[in-house]
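Trainee: Using full-length UniProt numbering, read the sequence shown as starting at 1 and increasing by one per residue. For each residue, glycine too, the CB sits at the ideal point set by N, CA and C. Predicted model, so just to flag it, every value in this text is computed and none were measured.
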Amino acid sequence: MNVLVLGGSGLLGSALMQSFKKLKWNCYTAGRSETHDLQLKGVFVQELTEFLSKKQISHVVNLVALTNVDACEEDPYKAYQINTEFVDQCISAVQGILPKTIKFIHISTDQVYSGIGPHLEGNAYPINVYGLTKLLADKSVLRAEGLVLRVNFFGKSLIDGRSSFSDWVIQALREKKQIPVFEDVYINALSIASLCEEIQCRLVDFKPGIYNLGTSDGFSKAELAFAIARKFGFDEGYLSEVTVESVALKARRPNDMRMDVSHYQNSFNTNLPSLEQELDRIIDEYQ
Numbered sequence: 001m002n003v004l005v006l007g008g009s010g011l012l013g014s015a016l017m018q019s020f021k022k023l024k025w026n027c028y029t030a031g032r033s034e035t036h037d038l039q040l041k042g043v044f045v046q047e048l049t050e051f052l053s054k055k056q057i058s059h060v061v062n063l064v065a066l067t068n069v070d071a072c073e074e075d076p077y078k079a080y081q082i083n084t085e086f087v088d089q090c091i092s093a094v095q096g097i098l099p100k101t102i103k104f105i106h107i108s109t110d111q112v113y114s115g116i117g118p119h120l121e122g123n124a125y126p127i128n129v130y131g132l133t134k135l136l137a138d139k140s141v142l143r144a145e146g147l148v149l150r151v152n153f154f155g156k157s158l159i160d161g162r163s164s165f166s167d168w169v170i171q172a173l174r175e176k177k178q179i180p181v182f183e184d185v186y187i188n189a190l191s192i193a194s195l196c197e198e199i200q201c202r203l204v205d206f207k208p209g210i211y212n213l214g215t216s217d218g219f220s221k222a223e224l225a226f227a228i229a230r231k232f233g234f235d236e237g238y239l240s241e242v243t244v245e246s247v248a249l250k251a252r253r254p255n256d257m258r259m260d261v262s263h264y265q266n267s268f269n270t271n272l273p274s275l276e277q278e279l280d281r282i283i284d285e286y287q
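#1: Closer than 7 Å by C-beta to residue 274: which residues in its own chain qualify, once you throw out the five before and the five after it? Chain order, please.
#2: For residue 57, does the three-state DSSP call read helix, strand or coil?
#3: Could you tell me the alpha carbon to alpha carbon distance between residue 89 and residue 117, rounded to whole angstroms?
#4: Could you check what DSSP says for residue 12 in three-state terms: helix, strand or coil?
#5: Would the stretch 162 to 174 and the stretch 117 to 129 be scored as touching if the rule is three or more Cβ pairs under 8 Å?
#6: By Cβ distance below 8 Å, which residues in the same chain neighbour residue 240 in space, the five residues on each side in sequence not counted?
#7: Relative to the C-alpha of residue 68, which residue among 83, 242, 54 and 62 is closest?
#8: What are the start and end residues of each continuous beta strand (DSSP E) run of 3 or more residues lying completely inside the stretch 125 to 190, in chain order?
#9: Starting from residue 225, follow the alpha helix (DSSP H) in both directions and report where the run begins and ends.
#10: Do residue 141 and residue 61 have their CB atoms nearer than 9 Å?
#11: Tell me where the beta strand (DSSP E) around residue 30 begins and ends.
#12: State the Cα-Cα distance for the pair residue 119 and residue 18, rounded to the nearest angstrom.
#13: In the DSSP assignment, find the unbroken beta strand (DSSP E) run with residue 103 in it and report its ends.
#14: Give the DSSP bridge partners of residue 119, in chain order.
#15: Give the secondary structure of residue 214 by DSSP, where H, G and I count as helix, E and B as strand, and everything else as coil.
#16: Under 9 Å between the Cβ atoms of residue 221 and residue 165?
#17: For the 8 Å Cβ check, are there 3 or more pairs between the stretch 146 to 158 and the stretch 99 to 115?
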C-alpha cells in the first residue's frame, strides 16, 4: 500500500506515520513545511497530481488543519485557506488521476457540533470559525466520495512542542501544579493509539461517508482529568473544576461535543472502546 499523509509531522500525524511504517507500508508526507517529502504552497494541484502519479499513491490521509480555535477566530481567512481551500486543492489533485482509484480520508473534528449531544453526523451546527471551516471541508470530501472521520483524541505526544490534553494534565500533576479543568465541556475522545488503528482499518475497509469516531461513552474534560489522576495515582487536589464561561476565550466553544458513534460501529461491524479501556491503554505510554 502506498500512502500519502498530508500533515504527517503533527501530534496525530507523527503517531500515524509510525504505525503505518510498522505495517511496512510505503509512506510519504506532504505539507506546508520543508520537512515533508513534498512541500505544498500556494496553488499546488498540478504538483500534487504529479507526485500522486509518480509514487502510485493508493490512499491519501489528510491531517492538515489550523486547530487553534482562537487563532481561527482572529484570522478567518487563514483558517479558511488551511482548513477548507487546502482540502479542495487536494481533492482536485486526487480526482485528476485516472482511473479514479485513490481513496481519500479526511480527519475532521467534533467542534462542528453544538447543542446537546450525543450528536449524529447530520446534526452539525458549528458556532466558531474553526468548526465552520472544517465542516465546509467535510462537505467537499463527501461530494468527492471520500471518507470523513470526526474525532477528538488524547495520549502521549511523540514530538517536542506539541502536547495533548493528557500530556498537559499528567505533567501538571507530576509537578504538583494546580490546573483548571472544565466541568461543563463534554467529549468522547479516543486514545491516539486507538485512533491510529481505526484509521489503518479504514484504509483497508474503505466506505465513503461521514463518521463520528470516539469512545462508546461520553465524559466531561474534568471527569477525564480526574480519571487520569486516579489511574496514575496522582493527587486529585491539584485539579480545580471550572466552567468554560469563567475562562477568557476569544472564540465560543461548544459545551457538548459528545458524538453518537453508532453509525461507525454499524457500518464497520466493530465495537469502540470505553474511556476506562482507553486509560488502561495509555498507561504504558507514560511510564
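Mentor: In terms of the structure at hand:
#1: 215, 216 and 217
#2: coil
#3: 33 Å
#4: helix
#5: no
#6: 178, 179, 180 and 181
#7: 83
#8: 147 to 151 and 179 to 182
#9: 221 to 232
#10: no
#11: 26 to 31
#12: 31 Å
#13: 103 to 109
#14: 259
#15: coil
#16: yes
#17: yes
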